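Beneath this line is the structure, given in structure tokens, with notes to follow.
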Amino acid sequence: MTTHVYCALCGIPTGEIPEGFGGDQSYDPRRLYDPEVKWSRDVKLLGQNPASSSSDRIFVVENAVSELADMHFYTVKPEEIPFPLNDRYLKVYDWDAPYSVVIPYHTACFKIIEEIAAPHPINHQVLYETLKPHLPKKGLGNLRPAFLDLNYGEACEYQEQKWLTIRGAEVLMASPVDIPDIEHYMNSFLLDHRLETQNEPIIESSSKNGSLTTLPSEVLSKILLQLDDPSLSAARLASRDVAAETSTGSFWKNKVYSGMPWIVVYLQSAERLFTDEYFDRKTKLDVNLFSRSPILQNANSTPMSTLVVPESRHTESSAISLVHQFSDIQKARTIITTYWKSTGELAGISTRYSEAGSVQLIGSNRDIAKAEDVQLPDGEWLSAIIFSSVGGLEKIDDDDGDSDWASESESDQYDDTSKPDFQVVGVKFLFSRNPPVQHGQYEGHLRIIQPSQGHFVVGFDGSWGPRGVLEKFAILHHPVDRAPPGTIDRLTSKTDSQISSDPLTMKHLWKDELPPANLKILPCTLSQRDWTFNKAWSPMEYLAFGTCDEELAKLKAIGVDSMFLGIEIIYTDGTRRSIGPGRHAMQYYPIDGPGGERIVYFYAKPHEGASLRFVTNRNRYLIFGKAHPDATRFPLHEHQGDITMGIYCNWYTALDGYNSGVITHELVSIGAFSRNVGYYESHAPQTDSGGLCWNPSQPVTAIYEQGPVFGKTGDLLYNRYGKPVSIPSRHATVAWFDCGRPLKLIKVAMAHSTKEPQIPLAAISFTYADDNTTKSIGPTEFTLPESETEWGRPWCLCTEGIALAEELKARPHYTHDEWDVQGSHLNSVRFWCEYRGMLTGLQFVAQHGNESPVWRIWGNERLGRPTEQALVSTRSNCTPGLKLFYDGDERTLYGGGESIVAALQLIEIEKA
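In terms of UniProt numbering, the sequence shown has 466 at position 466, counting the first letter as 1, and numbering is strictly consecutive.
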């Protein structure tokens with residue numbers, strides 16, 4: 001169903017009105033033609049770029065085009081906005097977008113407010129700050145907001161999720177500026193009308209007591225308002241009293257109101273908005289700019305960092321300086337004060353040039369429990385500030401797919417005076433030589449703000465709301481070459497070498513610690529749900545493999561959770577380092593760090609059908625999930641010697657819609673660290689005859705495929721979302737198992753079944769009897785999640801209606817089994833397939849006749865007659881083997897979910 005969005009200035013829909021013409025109760029097409037409503041499709045978007053280096057962060061998109069399905073989404077060209085988007089859409093009226101709120105309005109309506117502000121041009125920054133406080137946190141029926149909380153007159157009666165096109169209200173869609181025959185209409189009243197032909201002079205009565213003269217003025221006015229245009233003109237010619245009554249501005253104001261009450265209410269609302277709010281803000285801005293210290297003139301700005309979430313609708317902003325002018329730098333001993341509320345939150349920051357100097361403040365210093373001072377050291381300068389934040393967000397997915405943010409402290413409707421989800425509890429000041437100074441606490445998520453390379457701090461910019469806490473903050477800075485001679489040494493001394501100066505460090509909130517200083521940060525890639533992700537306040541977790549080649553030489557293994565909830569590194573001394581909210585089913589690949597093997601780059605795709613492919617300098621592909629071709633490469637391009645040194649990710653937290661109180665997580669973004677450590681060569685991935693990637697590598701000798709692929713279905717299947725699928729998919733990976741060696745043990749892990757009759761074999765491993773080594777595919781280490789379902793089982797994705805209820809009640813997501821092969825060789829493999837070809841069961845038979853359990857789909861239905869294939873080699877120089885196809889089971893809409901052994905094929909492996 002179409003979701004309309006309404007102009008911030010007039011309340012009429014912005015964009016197309018795609019439905020509602022022609023019915024008995026809808027708009028009359030004879031009274032409303034396309035040229036008349038075309039004006040509503042001429043839309044501008046007003047937004048704010050928080051990453052701008054200018055103090056004016058406003059941008060305007062011209063001729064924006066909305067999507068018909070959901071008009072919150074506008075198609076924009078990359079060159080039209082001053083920051084990168086993951087897709088071509090810009091979302092309007094959204095407090096949770098990864099950019100500041102974007103506000104739509106008609107070009108025609110903007111012309112009206114230009115007339116109100118004339119002769120001065122509209123200040124877009126002030127306009128944005130005037131309109132933004134009127135955007136509700138939630139819209140109709142708890143949906144996204146679609147209009148401001150202004151009085152739009154009669155238009156308010158038709159503002160629903162879809163604009164009400166009710167017959168008789170077509171006039172609302174008329175252009176407010178292009179009104180046909182308006183000049184002729186007005187001139188017919190504002191001029192003294194005369195009859196077209198006056199052959200004889202008009203004889204006026206000498207009586208002063210005509211019938212109209214005896215009427216009270218207000219009664220006469222009401223009568224005249226009821227007359228049509230020709231009658232009113234004739235009355236003006238016939239009576240001096242009528243001419244006098246209809247010559248006042250109040251009469252014509254009432255006349256317009258009686259004929260078009262909707263436009264009067266709108267104009268009054270717009271005028272009130274500008275006289276009471278816009279001009280007041282404009283005056284304050286002009287005063288603020290005039291009173292600013294000279295050193296802040298033309299200063300650059302760091303990106304405006306979000307400190308508190310959610311942000312207030314009503315905010316104030318200002319800027320303060322460390323010194324008054326450039327000549328004060330040499331001897332400056334400015335005092336910086338932080339103000340703290342009784343809750344431990346940062347309320348504001350002020351500066352004063354001396355103990356007795358006047359205070360410049362951003363934020364608030366009222367209702368303060370504590371104030372702390374730090375003074376610029378003699379001969380040094382402020383180089384950076386680190387903010388410590390605590391709190392967290394929970395993402396609630398509604399049944400209709402809309403997303404709302406909530407936390408332990410949030411009420412149903414966020415209020416500007418309620419407690420925020422994220423709050424600053426510590427500030428750390430870094431100087432060029434002296435040790436840093438900490439105010440408040442250091443524990444929590446960290447955000448560093450520092451000037452660009454070759455620049456020095458001259459002041460701070462910030463905004464705050466009614467709660468009296470500092471919500472946004474930026475550092476103002478100048479190039480060092482603008483500083484007076486003799487001050488360069490004070491301004492340019494090196495900062496703490498442990499703090500990264502990479503510009504991307506400032507773009508993220510980092511969980512618990514900042515990334516290493518000597519690693520280059522590569523921009524992260526976001527999932528398809530990037531419009532719900534705001535990196536300004538979503539903490540990143542980083543995992544450095546090492547900061548130098550000596551540390552990389554200690555790498556032993558890398559592992560990833562089957563649901564991409566955690567990533568872990570194991571070192572040769574047994575040390576483990578990990579990130580992520582959960583490591584419940586970990587799949588590991590060994591890495592020969594001591595022998596010189598290195599991860600040189602990787603491919604990543606977060607969220608739907610997530611994928612991670614780490615590539616080593618030995619051309620081994622360590623693949624977790626599917627081998628998606630559209631995954632992003634880190635580093636993006638090959639550089640001689642530039643290799644991956646680590647990874648950073650973000651997970652957001654969700655409340656499960658099927659199990660009250662159960663918290664779940666999803667991977668939403670992935671980035672990387674790199675460093676130049678020497679030259680390496682990249683190679684094309686190793687693939688089988690069908691073009692599927694070997695995981696992690698193919699045998700060093702030749703292999704020969706024997707017979708068909710069992711479990712293959714072709715293109716005969718549709719998943720539960722109607723999406724055509726084939727097994728194995730083109731993104732599956734393949735792994736080989738040597739079946740010619742004596743086996744000690746076979747272990748399997750079975751996941752919950754889906755509603756498709758396919759064996760959910762999540763993992764299988766062979767432990768060989770001759771050298772006690774293990775070959776596996778899938779996760780090998782398991783821990784149970786803390787959250788439980790209503791049946792007392794650990795939570796899993798299957799609770800969202802994917803698996804059968806009786807299976808969810810009966811067993812946890814993973815069940816484990818093993819078969820003692822007793823050092824024997826495998827004789828054959830048995831498997832069952834349903835009528836379309838999907839594998840439904842699997843069994844091994846050893847040479848001594850011992851049989852493994854039958855690993856099968858859930859339920860008691862008969863599997864039918866199995867197919868049995870002997871595991872023998874037809875070539876004297878080969879040994880028998882199995883090729884297993886590891887693939888996603890399509891249990892979610894975008895192909896994510898569990899990876900399972902989906903198919904198999906017999907192979908022969910040439911002996912070394």
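Just so you know, even glycine gets a beta-carbon here, dropped at the ideal spot from N, CA and C.
All figures in this text were calculated on a predicted structure; none of them were measured in a lab.
*In this structure, does DSSP put Glu16 in helix, strand or coil?*
Coil.
*Which partner residues of Met750 appear in the DSSP bridge assignment?*
In DSSP, Met750 forms a bridge with Leu761, Thr815.
*Assign Pro104 to one of three DSSP states: helix, strand, or coil.*
DSSP places Pro104 in strand when its eight states are reduced to three.
*asked:* Just to confirm my understanding: we take Lys911, look at its own chain, exclude 5 residues before and 5 after, and list those with CB closer than 8 Å. What are they?
replied: These residues qualify, in order along the chain: Thr701, Asn877, Cys878, Thr879.
_Can you tell me whether Arg613 is buried or exposed? The criterion is at least 16 other CB atoms within 10 Å of its CB, across all chains shown._
Looking at its Cβ environment, which holds 16 or more other Cβ atoms inside 10 Å, Arg613 is buried.
_Three-state class that DSSP yields for Cys10 in the structure shown_ = When secondary structure is reduced to three states using DSSP, Cys10 falls in the coil class, being assigned neither helix nor strand.
*Compare the C-beta of Ser250 against all C-beta atoms of chain D and say whether one is closer than 8 Å.*
This model lacks chain D altogether, as it is built from one protein chain only.
*asked:* In whole angstroms, give me the CA-to-CA distance for Pro724 and Asp889.
replied: Straight-line Cα distance between these residues: approximately 13 Å.
*DSSP puts Met586 in a beta bridge; with which residues?*
Answer is Asp561, Glu781.
*First and last residue of the alpha helix (DSSP H) that includes His124?*
From DSSP, the alpha helix (DSSP H) with His124 extends over 124-131.
*Which stretch, first to last residue, makes up the beta strand (DSSP E) that contains residue 913?*
Any answer about residue 913 is impossible in this case: the structure gives the chain only from 1 up to 912.
*CA nearest to the CA of residue 927, picked from Gly426, Asp56, Leu225, Thr840*: Lying outside 1 to 912, the shown extent of the chain, residue 927 is not represented and no answer is given.
*In angstroms, rounded to a whole number, what distance separates the CA positions of Lys605 and Arg313?*
Those two C-alpha atoms are separated by around 35 Å.
*Stretch pair the segment 548-568 + the segment 731-747: three plus CB contacts closer than 8 Å*: Contact between the segment 548-568 and the segment 731-747 is absent, with fewer than three C-beta pairs closer than 8 Å.
_Whole angstroms are fine: how far does the CA of His628 sit from the CA of Val5?_
C-alpha separation (whole angstroms): 36 Å.
*Going by alpha carbons, who is nearest to His683 out of Gln706, Tyr621, Cys649, Asp642?*
For His683, the nearest C-alpha among the options comes from Tyr621.
*Applying the criterion that 16 or more other CB atoms from any shown protein chain within 10 Å of the CB defines a buried residue, is Tyr158 buried or exposed?*
When all chains shown are included, Tyr158 counts as buried.
*Say whether the segment 803-822 touches the segment 844-855, bearing in mind that this needs 3 or more beta-carbon pairs closer than 8 Å, one atom from each stretch.*
Yes: at least three Cβ pairs fall under 8 Å.
*Taking just the CA atoms, how far does Ile103 sit from Ser175?*
In a straight line, the C-alpha of Ser175 is about 20 Å away from that of Ile103.
_Quick check on the burial criterion: 16 or more other C-beta atoms within 10 angstroms. Buried or exposed for Tyr835?_
Only exposed fits Tyr835, as fewer than 16 other CB atoms lie within 10 angstroms of its CB.
*asked:* Let me check understanding here. Comparing Cα to Cα, which of Tyr278, Ile475, Pro436 lies closest to Ile449?
replied: When each option's Cα is compared against that of Ile449, the closest is Ile475.
_Pair within 8 Å by beta-carbon distance, Met540 and Leu509_ = Taking 8 Å as the Cβ cut-off, Met540 and Leu509 qualify as a contacting pair.
*Can you say whether Val576 is buried or exposed, counting buried as having 16 or more other CB atoms within 10 angstroms of its CB?*
The sequence as given places Arg at residue 576; Val does not occur at that position. Label assigned to Arg576: exposed.
*Skipping 5 residues on each side, what residues in its chain have a beta carbon closer than 7 Å to that of Val65?*
Closer than 7 Å at the Cβ level, and outside the excluded window around Val65, lie Tyr74, Thr75.
*Scan the segment 451-501 and note each continuous beta strand (DSSP E) run of 3 residues or more that stays entirely inside, going in chain order.*
With a minimum length of 3 residues, the continuous beta strand (DSSP E) runs that stay inside the segment 451-501 are 455-464, 470-479.
*Would you please state the rounded distance, in angstroms, between the beta carbons of Pro742 and His825? I believe it to be under 8 Å.*
Between His825 and Pro742 the Cβ distance is about 6 Å, and since that is below 8 Å, they are a contact.
*residue 918 lies in the alpha helix (DSSP H); which residues open and close that run?*
Outside the displayed range of the chain (1 to 912) lies residue 918, so it cannot be described from this structure.
*Simplified DSSP state of Arg281, which is helix, strand or coil*: Correct three-state label for Arg281: helix.
*Per DSSP, Ile386 forms a beta bridge with which residues?*
When beta bridges are read from the DSSP output, Ile386 appears opposite Lys428, Ile448.
_Excluding the 5 residues flanking Thr334 on each side, which residues of the same chain have their C-beta closer than 6 Å to its C-beta?_
Here Thr334 has Leu322, Thr351, Tyr353, Leu376 as same chain residues with Cβ atoms under 6 Å from its own Cβ, once five neighbours each way along the sequence are excluded.
_Proximity below 8 Å, CB of Tyr571 to CB of Asn617_ = Their beta carbons are not under 8 Å apart, which means Tyr571 does not touch Asn617 by this criterion.
_Own chain residues within Cβ distance below 6 Å of Thr343, not counting five before or after_ = Nothing meets the Cβ criterion.
*Trp858 to Gly714, Cα distance in whole Å?*
In a straight line, the C-alpha of Trp858 is about 24 Å away from that of Gly714.
*asked:* So, at 6 Å on beta carbons, what are the nonlocal neighbours of Gly895 in its own chain, with the 5 sequence-adjacent residues on each side left out?
replied: A caution first: Gly895 carries a pLDDT of 44, below 50, which makes its placement in the model unreliable, though a value can still be read off. Sequence-distant Cβ neighbours of Gly895 in its own chain, meaning closer than 6 Å and more than five residues away, are Gly609, Gly888.
*Which of helix, strand or coil does DSSP assign to Tyr158?*
If DSSP states are grouped into helix, strand and coil, Tyr158 belongs with the helices.
*Just tell me which of Ser358, Phe279, His445, Lys341 has its CA closest to the CA of Gly391.*
Comparing Cα positions, the closest option is His445.
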